[in-house]
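Just so you know, the sequence shown maps onto residues 23 to 129 in the working numbering.
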Amino acid sequence: MEKERAYGTGMWAWLLQRITGFLLVIYLFMHVAWVHGINTPFNFLFVPTATAFFILLLLAVPHALNGFRVFTLDFGIKERAQKILFWVLMLIGVLVIILSYRSRFGG
Numbered sequence: 023m024e025k026e027r028a029y030g031t032g033m034w035a036w037l038l039q040r041i042t043g044f045l046l047v048i049y050l051f052m053h054v055a056w057v058h059g060i061n062t063p064f065n066f067l068f069v070p071t072a073t074a075f076f077i078l079l080l081l082a083v084p085h086a087l088n089g090f091r092v093f094t095l096d097f098g099i100k101e102r103a104q105k106i107l108f109w110v111l112m113l114i115g116v117l118v119i120i121l122s123y124r125s126r127f128g129g
């Protein structure tokens with residue numbers, strides 16, 4: 023019997039959590055290398071510019087909000103509520119990213 027694959031909201035939430043977590047770990051190691059004076063090809067990411075701030079916003083906000091959604095799963099919310107919560111939190115995340123970027127850089 024072939025295993026059925028689920029390509030719903032839960033799969034996208036899982037994938038988003040794994041990708042943002044992996045990229046945050048890579049960013050962390052590059053940041054530690056930069057702080058200790060090791061030259062990397064990615065040093066432009068650590069100059070206090072809009073680029074570094076925007077990259078961190080794009081990674082940290084969805085990762086944190088999706089982590090909150092995973093935390094709520096421990097309380098046994100229903101599947102429909104999980105889907106709604108995911109999309110509401112992602113909308114909040116997009117708004118936080120846009121408002122943070124605009125307030126910091128006036129763009």
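Don't be surprised by glycine CBs; every beta carbon is placed ideally from N, CA and C.
At the C-beta level, ARG91 and LEU113 stay beyond 8 Å of one another. Separation of LEU78 and GLN104 (C-alpha to C-alpha, rounded to the nearest whole angstrom) is 26 Å. The continuous alpha helix (DSSP H) containing GLY115 extends over residues 101 to 127. For SER122, the closest of PHE76, GLY43, TRP109 and ASP96 by C-alpha to C-alpha distance is PHE76. Excluding sequence positions up to five before and after LEU46, its CB lies within less than 7 Å of the CB of LEU81, ALA82 and HIS85, all in the same chain and listed in chain order.
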